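Trainee: Sharing a structure here in structure tokens format.
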Amino acid sequence: MKPITILSLSLLISPMVIAEPVVIYDSGYTQPLVHPPSNQQLRATSSKNHHVNLPRVPVVTPTMSPGKVFSRPIHHPYLSNPIFIVGYDMISLSWLQEHKEKLKQNHAIGIAVNVQTEQQVKQLQQAAGGLEITPVPGTKVAKQLTLEHYPVLISSTLIEQ
Numbered sequence: 005m006k007p008i009t010i011l012s013l014s015l016l017i018s019p020m021v022i023a024e025p026v027v028i029y030d031s032g033y034t035q036p037l038v039h040p041p042s043n044q045q046l047r048a049t050s051s052k053n054h055h056v057n058l059p060r061v062p063v064v065t066p067t068m069s070p071g072k073v074f075s076r077p078i079h080h081p082y083l084s085n086p087i088f089i090v091g092y093d094m095i096s097l098s099w100l101q102e103h104k105e106k107l108k109q110n111h112a113i114g115i116a117v118n119v120q121t122e123q124q125v126k127q128l129q130q131a132a133g134g135l136e137i138t139p140v141p142g143t144k145v146a147k148q149l150t151l152e153h154y155p156v157l158i159s160s161t162l163i164e165q
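Printed below as a string of structure tokens:
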């Protein structure tokens, strides 16, 4: 290859190599890196304990209450594990005890939308046979899935009680 050909190819390719990346989506929380972190900085950061104990309760969801849920099909293929929604009430406690084996078999993820204390969360977990149940406000989920009542089990294809 001639030196002129190599030179012209390198001039054509070099702007592409140093070009800025094309941003396809920016959440608004993106921050540029001033300098890439060194390996030592990365190791120091990963060894720190970033666990923060935030107060988890009370959680209140005024748009949801214990009651009857009619089964209906849905289409949410991105939902890899079923989710169950409960509150601290007799209906939810009975429902958890009755369905705990099914919930365990399906690796269901539990959320408590109406719970006042950590002790109530622990009682819900005991009724569910030790499954993890996290207190989370359910207003957005209720709106997205047009839910008014719980306990409920939500899979990628079905809402059922």
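At position 125 of the sequence shown (counting the first as 1) the number is 129 in my numbering, and the numbers step up by one without a gap.
Heads up, the beta-carbon is just placed ideally off N, CA and C, and yes, glycines get one too.
This structure is a prediction, so every number in the text was calculated from the model and none was measured.
1. From the DSSP secondary-structure annotation, give me the bridge partner or partners of Ser159.
2. DSSP state of Ala131, grouped into three classes?
3. Given a threshold of 16 other Cβ atoms within 10 Å of its Cβ, counted over all protein chains shown, does Thr65 qualify as buried or as exposed?
4. Can you give, in chain order, each stretch of the beta strand (DSSP E) that sits fully within the segment 63 to 101 and has at least 3 residues?
5. Closer than 8 Å is the cut-off here; do at least three beta carbon pairs connect the segment 123 to 131 with the segment 66 to 75?
6. Between Glu164 and the rest of its own chain, which residues show a CB-CB distance below 6 Å, the 5 nearest in sequence each way excluded?
7. Give the single residue among Val125, Gln120 and Val145 whose Cα lies nearest to the Cα of Ile87.
8. Considering only their Cβ atoms, is the gap separating Val63 from Pro139 smaller than 8 Å?
9. What are the boundary residues of the beta strand (DSSP E) that Ala112 is part of?
10. State the CB to CB distance for the pair Leu83 and Leu107, rounded to an integer number of angstroms; the pair is presumed to be in contact (CB under 8 Å).
11. From the DSSP output, which residues share a beta bridge with His153?
Mentor: Considering the structure as presented:
1. Ser159 pairs with nothing; no bridge assigned.
2. Collapsing the DSSP output to three states places Ala131 in a helix.
3. The residue in question, Thr65, is buried, as its Cβ has 16 or more Cβ neighbours within 10 Å.
4. Those beta strand (DSSP E) runs which fall completely within the segment 63 to 101 and span 3+ residues are 87 to 91.
5. No: the two stretches stay apart, fewer than three of their Cβ pairs being nearer than 8 Å.
6. Cβ within range, chain order: Ser75 and Leu157.
7. Looking at the Cα atoms, Val145 is the closest of the given residues.
8. Yes. Within cutoff.
9. For Ala112, there is no enclosing beta strand (DSSP E), as DSSP gives it neither H nor E.
10. A Cβ-Cβ separation of about 15 Å leaves Leu83 out of contact with Leu107 under the 8 Å criterion.
11. DSSP lists Ser69 as partners of His153.
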